[in-house]
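Note that the protein sequences, when read in sequence, are chains P and V.
Each residue of the first sequence is one higher than the one before, counting from 1 in this note's numbering.
Each residue of the second sequence is one higher than the one before, counting from 1001 in this note's numbering.
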Amino acid sequence: MNEAYLLELINVSKNFGGVSALRNVDFQLKNGEIHGLIGENGAGKSTLIKIISGVHTDYEGVIKLKGEIIRFHSPANARERGIGTVYQELSIIGALSVAENLFLGKQLLNKFGLVDWGKMFEDTENYLEMLGIHVDVRRPAGSYSIGIQQMIEVARIIFGGAEIIILDEPTSALSGPEAERLFEFMKRLKDQNKTLIFISHFLEDVLRISDRISVMRNGNKVYTGLASETDKNFLVQQMLGVEASHLLSNQRKSNKASISFGEKVLEVENLKKRREFENINFSVRRGEILGIYGFMGAGKTALANCLFGLKKPDQGNLKMYNKIINIRSTKDAVRYGIAYVPDNRRQSLFYGKEVFKNITLTYLHQIMNFFLKKKGEINITNELIKQVGVTPANPFLDVSHLSGGNQQKVVLAKWLVKMPKLLILNEPTRGMDVGAKNEVLQVVNNLKNQGVAIILMSSEPEIILDHSDRILVMAKGKIRKELINQDITKEELMHWA
Amino acid sequence: MYQTPKIFSQQKNSIQYKIIHIFRRHARSVAPLLTLTVLIVFFSFASEGGRFFSGRNFVNIFQQAATLAIMSTGVTFVLLTGEIDLSIASMAMFSGVLASYLLVNHGVPGTIAFISAFVVATFLGFINGLVTTRFRLPSFMTTLAMMQIASGLAIYLTKGRPFFEVPAIAHTLGTERWGSIPIIIIAALVILIIGHIVLTYTRFGRYIYMVGGNREAAEFSGVSSINVRMLALTIGGSMAGLAGLINTGRIGSAHAGGFEDMMLNSISAVVLGGTSLFGGEGGIPNTIIGLLIFGVLNNGLNMINLDIYLKTVVTGLILLIALIINVYSLKIGTESQETEE
């Protein structure tokens, strides 16, 4: 094979208990390039990265580093050989100074065996200067923005001897200018002959910064080519598979847009939250499901938090039934008839407590006087768990003993004690199997038919396309596009994100 | 798709199932109850001439534990929300001193002095709650400061000299008997029962358990954890005040000292009974068991042949062992849940 490759994967496969996550993947990394790696969730990007960085050690196939066949036996082993990974969760220790973070575990000592602070600060300063990072190395790393911390982490990895740096979704937590700064930094690293693998959902970023791009789909590597010779549409097609996308567009012929909806329930005007989102305008009507599609970090959760009174927006108005409302707390939101199903069930359920206590809590002040009537609580709970289909239908069961799908149904049920006017769902089906997914979405559709206005936020295109009447595509804190859900293909949707 | 947990396919009526089920549901109370039983049995046999196990001695134990019981009722509320109150003993001391100060130095009628002191203690508890929730200070720090403030105020009022006059109502509550039962025991029982009813059968009680169980989820359910925690700390203050007032009645004087043990004893009694320091689990029945363990231990150690100067050490060791057993039984409890699934 060609010895010019810095790293080469030949015919690599990986199975997880009979489920194949990677199939016969060939992947080549050239010295000094920025290599973009893209693919849908579950396409095999993470698995590929984990094999390269020594996390997964039991794979089939061969890896060659600088022409030499190797097999890492641990992440530490891969690091020693010059492969460093920066994950979304940084390993920077916020309370320690920048210099200490860089020298973590190998502080410089003076002749008395004490930490040589002077030299450590000086070395760190010079080193970061060389990489173009201008920070006060004595300050706690945590006092810098996520973007800077990321750069410090990369610097640390290079300082530890890394030649190949893998960046896993580095921009999803960054604001626009911060992302720009990261790209500058990446180019500078490239100029210093480092090799980078850049994983991202944002195709525009990948196209702009990468030299070459590889696309993963269903555990296969389906494409590798020069970034200058491809475009976004082509990449989306490669990610989804051409046949699949035709199938999808033929499937969706429902004429959802022609249904007329009721009065406007919620109107959002010019809403802004610094560093999270800006210029958000939309409305949602009775009986309508408004889908908000966007990747992690698009600002969906922050938007939901502002609508539900968990956070205060910096600017803008919320109107319900054409009247301006002021939501200062979640209590206010509940009073206005707003219900919120957050993306993390831990934020909504009380593990260790019975199902009925979970369900009745939200509207306890409306259904009970000062003294509780347990029988009444149980009756209400029994009715609701029947309505949403919680199994086993036992109001006394500890909610943590239910499966994920059933837990989510309990979260829905707790909002149905009194019918809400507006229901906000944030990633309501994350991590669920198909059956549970459909059951949860069935409940949501029933509520729509009963006249509830629904905002459905998700990063899964299928969920959005199958269930929304209208779609807002959100990316990097802005609404990029409003679409009526009529003959929209997954490609179109992803194109705007 | 969902899976029906195995526990429903098991034979519900088998004795084994029932025992496991009871243990699981009451894992929090089983170990403390066991500790209490062991202590009672031990002291009954070890005390000289078996004088531990007598009706009179039990009245003694209850009487000694009564003040602690009132204070611990407040502490139970506070711990259940996941907060802590280190200022209870100081607030108790201060309210007792304040009542006597008003009575002696300003000629305020006893009952009014008593009520005023109670109101002031409640207000101090409210300040604890306000600062903790609105300024987001850990209650550990807020109440540590309040501890200093309240005992400082008590010292200021007494100028170092005890008051030997207490409100008549405090005297009645602290020393007199109703029939053969000391009123102080009745008062403690009434407070414990009211506490239990509030925690178990009212909306506010439910909020306390839910906020303590998962503060974030409570907030996401439209329940203001701020109000609930503030009210719990206020109740902590008022119960401490009441305990302090009754205690001055019991000993017949009010001075700025002698309460140092009460704070730790009260919190240990609640935790020993099985109420979680992190909130959400436990309750008044647990507190009662904890109080009895404490009372039996204090009383029993006086009745066996033990060097009086070693008493504190032994008490500490037994408490440590009891807490270790608590933790282990909880672990077994949760494990038996897991294996059943």
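All C-beta atoms in this analysis are idealised placements derived from N, C-alpha and C, irrespective of residue type, glycine included.
Please list, in chain order, all residues of the same chain as residue i whose beta carbon is under 7 Å from its beta carbon, the five residues on each side excluded.
i	result
THR171 (chain P)	ALA179, LEU182, SER200, PHE202 and ASP205
ARG274 (chain P)	ASP314
SER210 (chain P)	ILE34, HIS35, GLY36, PHE198 and ALA227
GLU1176 (chain V)	ILE1183
Is the beta carbon of residue i less than 8 Å from the beta carbon of residue j?
i	j	result
ILE454 (chain P)	ILE280 (chain P)	no
GLY287 (chain P)	PHE261 (chain P)	yes
GLY1163 (chain V)	ALA1254 (chain V)	What sits at residue 1163 (chain V) in the sequence shown is Phe, not Gly. Contact: yes.
LEU465 (chain P)	LYS490 (chain P)	yes
ALA43 (chain P)	ARG212 (chain P)	no
ILE1293 (chain V)	LEU1036 (chain V)	yes
ALA585 (chain P)	TYR336 (chain P)	Summary: the structure shown does not reach residue 585 (chain P), with chain P confined to residues 1 through 497, and so no result is reported for it.
PHE1052 (chain V)	ILE1185 (chain V)	no
ARG345 (chain P)	VAL411 (chain P)	yes
SER20 (chain P)	GLY241 (chain P)	no
ALA1218 (chain V)	SER1151 (chain V)	no
LEU1192 (chain V)	VAL1097 (chain V)	no
ARG1229 (chain V)	LYS357 (chain P)	no
MET296 (chain P)	SER53 (chain P)	no
PHE409 (chain P)	VAL440 (chain P)	The displayed chain sequence assigns Lys, not Phe, to residue 409 (chain P). Yes, the Cβ-Cβ distance between LYS409 (chain P) and VAL440 (chain P) is below 8 Å.
THR195 (chain P)	ILE164 (chain P)	yes
Can you pull the DSSP bridge partners for residue i?
i	result
TYR223 (chain P)	P:VAL215
MET320 (chain P)	P:LEU266 and P:LYS323
LEU109 (chain P)	P:VAL115
ALA453 (chain P)	P:LEU422
ASN15 (chain P)	P:SER20
GLU8 (chain P)	P:GLN28 and P:LYS64
ARG1177 (chain V)	V:PRO1182
VAL341 (chain P)	P:LEU425
ASP58 (chain P)	ASP58 (chain P) is not bridged to any residue.
VAL1271 (chain V)	Bridge partners of VAL1271 (chain V): none, in fact.
THR195 (chain P)	P:ILE164
ALA1254 (chain V)	V:PHE1163
Can you tell me which of the three DSSP states residue i falls into?
i	result
THR1172 (chain V)	helix
LYS571 (chain P)	This structure leaves residue 571 (chain P) out entirely; chain P is present only between 1 and 497.
TRP415 (chain P)	coil
PHE27 (chain P)	strand
VAL1108 (chain V)	coil
LYS64 (chain P)	strand
GLU163 (chain P)	coil
GLY1160 (chain V)	coil
VAL137 (chain P)	coil
TYR293 (chain P)	strand
LYS190 (chain P)	helix
ASN250 (chain P)	Bear in mind that a pLDDT of 39 at ASN250 (chain P), under 50, signals an unreliable position, so the number given afterwards is only what the model happens to contain. ASN250 (chain P) falls in the helix class under three-state DSSP.
ASP466 (chain P)	helix
ASN281 (chain P)	strand
GLY1249 (chain V)	helix
ARG1028 (chain V)	helix
ILE471 (chain P)	strand
Pop quiz: residue i and residue j are said to be a contact at Cβ under 8 Å. What is the actual Cβ separation, rounded to whole angstroms?
i	j	result
ILE424 (chain P)	ILE338 (chain P)	7 Å
TYR1209 (chain V)	GLY1280 (chain V)	6 Å
LEU9 (chain P)	GLY61 (chain P)	7 Å
ALA1099 (chain V)	ALA1170 (chain V)	7 Å
GLY1212 (chain V)	LEU1103 (chain V)	So it is not a contact: roughly 39 Å between Cβ atoms.
PHE282 (chain P)	VAL268 (chain P)	5 Å
GLY969 (chain V)	LEU1039 (chain V)	Examination of residue 969 (chain V) is not possible in this model, given that chain V is present from 1001 through 1341 alone.
ASN1128 (chain V)	ASP1085 (chain V)	7 Å
ILE1387 (chain V)	SER1266 (chain V)	Since the first residue shown for chain V is 1001 and the last is 1341, residue 1387 (chain V) is missing from the structure and cannot be characterised.
Which same chain residues end up closer than 8 Å to residue i when comparing Cβ atoms and leaving out the 5 residues on each side of it in sequence?
i	result
THR360 (chain P)	ILE367, MET368, GLU377, ILE380, THR381, LYS414 and VAL417
ILE38 (chain P)	LYS45, ILE199, SER200, HIS201, LEU203, VAL206, ILE213, SER214, VAL215, MET216, LEU235 and MET239
LEU456 (chain P)	ILE289, LEU290, GLY291, ILE292, LEU425, PRO428, VAL444, ILE463, ILE464, HIS467 and SER468
PHE1140 (chain V)	ILE1084 and LEU1086
Spatial neighbours of residue i within its chain, please: C-beta separation below 6 Å, excluding the five flanking residues on both sides.
i	result
ALA1066 (chain V)	ILE1184, ILE1185 and ALA1188
GLN28 (chain P)	TYR5 and GLU8
LEU90 (chain P)	GLN149 and GLU153
THR1287 (chain V)	SER1072, THR1076, VAL1270 and GLY1273
GLY1174 (chain V)	ILE1184, ILE1246, GLY1249 and ARG1250
ALA1168 (chain V)	GLY1110
>> Short of 7 Å Cβ to Cβ, which residues in the stretch 380-399 of chain P face chain B?
In response: The structure shown has no chain B; the protein chains it does contain are P and V.
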